[in-house]
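K.L.:
Okay, handing you the structure first.
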Ligand SMILES: [Zn+2]
Ligand SMILES: [Zn+2]
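Chains as they are written, first to last, in our numbering: chain A, 381 to 579; chain B, 89 to 373.
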């Protein structure tokens with residue numbers, strides 16, 4: 381790509397770092413930016429910086445938020461006796477869309493995956509246990525991805541949580557194995573929440 | 089070219105929006121990576137066939153010298169249901185996969201290793217207890233397949249068999265040779281090693297000596313006997329082996345040192361560490 385300007389080259393490099401974007405697409409995006417209005421480009425750049433500056437992890441549930449604690453943790457109408465444990469912030473979004481769950485969340489930041497070097501100490505499990513030591517939590521719902529990593533995490537957490545004497549449930553495994561929770565449609569997710577069972 | 093082979097799924101990684109890059113250990117080509125397009129969609133044709141610790145019949149569009157092959161079809165031969173639903177079996181199986189993944193390179197065929205892996209997973213699914221025995225058996229047999237077969241039956245120096253020196257205290261396991269030295273020969277061997285160090289390279293003796301001490305491990309006769317069985321007994325009898333906790337710790341440590349000695353780049357097995365930590369927790373509770 382010696383035919384393009386150096387700044388286009390640089391932007392292409394930057395786009396190519398994004399997930400799911402190969403070099404070809406990155407180059408196309410960079411050329412699109414060249415054609416955009418200046419205002420739009422400035423707005424895009426500002427939005428990028430603003431996300432980075434404003435968004436942080438909630439100190440209670442680890443969901444992404446602009447205000448700490450997040451609006452779910454501070455919402456007086458939510459049921460404080462139930463915590464739903466998920467892998468990623470995108471899963472909170474997916475579950476919120478069902479309008480089915482009124483409790484609180486805990487985002488682990490991933491799932492157990494020893495082959496990729498991810499062990500229990502790399503997830504926000506200590507933080508979860510700390511939350512549970514406070515009074516009033518009656519049920520933990522484990523809502524992890526229906527794959528081996530999600531299953532390993534579910535089994536691990538149930539081993540840790542059961543001795544603490546609270547109700548531990550998992551969402552029903554009506555979801556096809558090997559897929560991502562965030563791609564499930566609302567109807568499927570609703571059913572999965574309803575059909576949770578004690579473990 | 090469309091190619092078929094049996095395989096074990098080692099691990100998967102999200103790729104683009106809906107696809108997966110899956111690492112397989114195959115019977116015909118050793119380890120290889122393949123792209124499974126659309127594998128993360130709800131209605132994917134692959135279903136659960138690309139989940140780690142599954143035995144599958146794989147169809148690939150395979151090109152030589154390509155890092156990433158294209159998965160055309162993947163059907164489950166054995167789903168290993170219990171491995172997928174019980175934590176202790178699962179972490180034991182993971183530690184076996186983790187070791188294979190670390191020690192193999194892409195497209196180096198090793199049918200014997202494939203059979204060992206498959207046999208070990210079969211037994212982890214079938215056994216009812218002491219899953220960690222199968223992990224240790226796998227480790228020591230894998231070392232053998234890579235040319236580091238330990239000789240555990242007799243003293244490498246005087247030739248006495250283990251039974252003959254059973255009452256004399258701990259033996260020494262020479263990690264680099266994979267050989268045993270009986271309690272009677274051990275002091276002499278240590279003396280020889282010590283003299284070799286000082287006569288040859290007095291200036292650098294300190295660094296080399298610390299390496300020397302690391303390459304030997306004290307080993308009890310009890311541990312030696314269990315290791316022999318883990319190495320030689322039929323796989324389906326391995327989970328029945330009973331031994332004390334102290335022996336278990338010694339087996340774990342000895343094998344860790346032995347593998348580290350022969351596979352320089354080997355990193356600690358995370359799944360085995362989790363397995364042991366949780367198993368101990370249960371026995372305390
Ligand atoms: Zn929060
Ligand atoms: Zn001897």
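Heads up, the beta-carbon is just placed ideally off N, CA and C, and yes, glycines get one too.
Roughly how many angstroms lie between the CA atoms of residue 472/A and residue 304/B, to the nearest whole one?
P.N.:
Between residue 472/A and residue 304/B, the C-alpha separation is close to 53 angstroms.
K.L.:
With a threshold of 6 angstroms, establish whether the CB of residue 109/B neighbours any heavy atom of ligand 1.
P.N.:
Not so, every heavy atom of ligand 1 lies at least 6 angstroms from the Cβ.
K.L.:
I'd like to check one pair, residue 521/A with residue 598/A: are the Cβ atoms closer than 7 angstroms?
P.N.:
With chain A represented from 381 up to 579, any question about residue 598/A goes unanswered, as that position is not in the structure.
K.L.:
So is residue 451/A buried or exposed if we call it buried at 16+ other beta carbons inside 10 Å?
P.N.:
The residue in question, residue 451/A, is exposed, as its Cβ has fewer than 16 Cβ neighbours within 10 Å.
K.L.:
Could you confirm whether any beta carbon from chain A is found closer than 7 angstroms to the beta carbon of residue 372/B?
P.N.:
With a pLDDT of only 46 at residue 372/B, under 50, the local geometry of the prediction cannot be trusted, and no value is derived from it.
K.L.:
Identify which residue in 484/A, 399/A and 475/A has its Cα closest to the Cα of residue 456/A.
P.N.:
Checked all of 484/A, 399/A and 475/A; the closest Cα to residue 456/A is 484/A.
K.L.:
Taking C-beta pairs closer than 7 angstroms, name the residues in chain B that residue 560/A reaches, listed in chain order.
P.N.:
The answer, in chain order, is 128.
K.L.:
If the cut is a Cβ gap below 8 angstroms, which residues of chain A does residue 189/B touch?
P.N.:
Residues of chain A passing the Cβ test: 495.
K.L.:
Do you know how far the Cα of residue 279/B is from the Cα of residue 486/A?
P.N.:
If I take the Cα positions, the gap works out to 60 angstroms.
K.L.:
Straight-line CA distance for residue 130/B to residue 474/A?
P.N.:
Going by the C-alpha atoms only, they are around 15 angstroms apart.
K.L.:
Expressed to the nearest angstrom, what Euclidean distance is found between the alpha-carbon atoms of residue 420/A and residue 500/A?
P.N.:
The alpha-carbon atoms of residue 420/A and residue 500/A are separated by roughly 43 angstroms.
K.L.:
Could you name the residues whose beta carbon sits closer than 5 angstroms to any heavy atom belonging to ligand 2, keeping them in chain order?
P.N.:
Chain-ordered list of matching residues: 243/B, 245/B, 246/B, 270/B and 273/B.
K.L.:
With 16 as the cutoff for other CB atoms within 10 Å, does residue 423/A come out buried or exposed?
P.N.:
The residue is exposed, with fewer than 16 neighbouring Cβ atoms inside 10 Å.
K.L.:
Can you tell me where the beta strand (DSSP E) with residue 304/B in it begins and where it stops?
P.N.:
Taken as a continuous stretch (DSSP letters only), the beta strand (DSSP E) holding residue 304/B covers 304-307.
K.L.:
Can a CB atom of chain A be found closer than 7 angstroms to the CB of residue 139/B?
P.N.:
Judged by the 7 angstroms Cβ criterion, residue 139/B is in contact with chain A.
K.L.:
Classify residue 295/B: buried if its beta carbon has 16 or more other beta carbons within 10 angstroms, exposed otherwise.
P.N.:
In this predicted model, residue 295/B has a pLDDT of only 46, less than 50, meaning its place in the structure is not dependable; the value taken from the coordinates is given anyway. Answer is exposed; the Cβ neighbour count stays below 16.
K.L.:
Give me the subset of the region 156-179 of chain B whose CB atoms are less than 8 angstroms from a CB atom of chain A, sorted by chain position.
P.N.:
Flagged, chain order: 172, 173, 174, 175, 178 and 179.
K.L.:
Taking its Cβ as the centre, do 16 or more other Cβ atoms sit within 10 Å of residue 150/B, making it buried, or is it exposed?
P.N.:
Looking at its Cβ environment, which holds 16 or more other Cβ atoms inside 10 Å, residue 150/B is buried.
K.L.:
Measure from the alpha carbon of residue 507/A to the alpha carbon of each residue in 439/A, 434/A, 385/A and 579/A, then state which is nearest.
P.N.:
Answer by Cα proximity: 439/A.
K.L.:
Can you check whether the CB of residue 261/B is closer than 7 angstroms to the CB of residue 197/B?
P.N.:
Going by C-beta atoms, residue 197/B is not nearer than 7 angstroms to residue 261/B.
K.L.:
By DSSP, does residue 112/B sit in helix, in strand, or in coil?
P.N.:
Three-state DSSP puts residue 112/B in a strand.
K.L.:
Please report whether the beta-carbon of residue 133/B lies at a distance below 7 angstroms from any beta-carbon of chain A.
P.N.:
Closer than 7 angstroms: no.
K.L.:
What residues are listed by DSSP as bridge partners for residue 162/B?
P.N.:
DSSP, once it has assigned bridges, lists 146/B as partnering residue 162/B.
K.L.:
Any C-beta of chain A sitting closer than 7 angstroms to the C-beta of residue 105/B?
P.N.:
For residue 105/B, the answer is yes, since a Cβ of chain A falls inside 7 angstroms of its Cβ.
K.L.:
How is residue 445/A classed by DSSP in three states: helix, strand or coil?
P.N.:
Residue 445/A: strand per DSSP, three-state reduction.
K.L.:
Residues with a Cβ closer than 6 angstroms to any heavy atom of ligand 1, in chain order?
P.N.:
In chain order, the qualifying residues are 438/A, 440/A, 441/A, 443/A, 449/A, 450/A, 452/A and 453/A.
K.L.:
Would DSSP call residue 420/A helix, strand or coil?
P.N.:
Residue 420/A falls in the helix class under three-state DSSP.
K.L.:
Just to check my reading of the structure: residue 335/B and residue 314/B have Cβ atoms closer than 8 angstroms, yes? What is that Cβ distance to the nearest angstrom?
P.N.:
The pair is a contact, with the Cβ atoms about 6 angstroms apart (cut-off 8 angstroms).
K.L.:
Could you check where the beta strand (DSSP E) with residue 462/A kicks off and where it finishes?
P.N.:
Residues 462-466.
K.L.:
Are there 16 or more other CB atoms within 10 angstroms of the CB of residue 132/B, so buried, or fewer, so exposed?
P.N.:
Residue 132/B is buried by the Cβ-count criterion.
K.L.:
With which residues is residue 118/B paired in a DSSP beta bridge?
P.N.:
114/B.
K.L.:
If contact means a Cβ-Cβ distance below 8 angstroms, which residues of the region 507-541 of chain A contact chain C?
P.N.:
Absent here is chain C; the protein component of the structure consists of chains A and B.
K.L.:
How big is the Cα-Cα spacing for residue 180/B and residue 249/B?
P.N.:
Cα to Cα, residue 180/B sits roughly 32 angstroms from residue 249/B.
K.L.:
Between 139/B, 347/B, 105/B and 125/B, which has its C-alpha nearest residue 98/B's C-alpha?
P.N.:
Considering only alpha carbons, the answer is 139/B.
K.L.:
How many Å lie between residue 307/B and residue 538/A at the Cα?
P.N.:
Going from the Cα of residue 307/B to the Cα of residue 538/A covers about 37 angstroms.
K.L.:
Using the three-state DSSP reduction, which class does residue 486/A fall into: helix, strand or coil?
P.N.:
In the structure shown, residue 486/A sits in a strand (DSSP, three-state: E or B).
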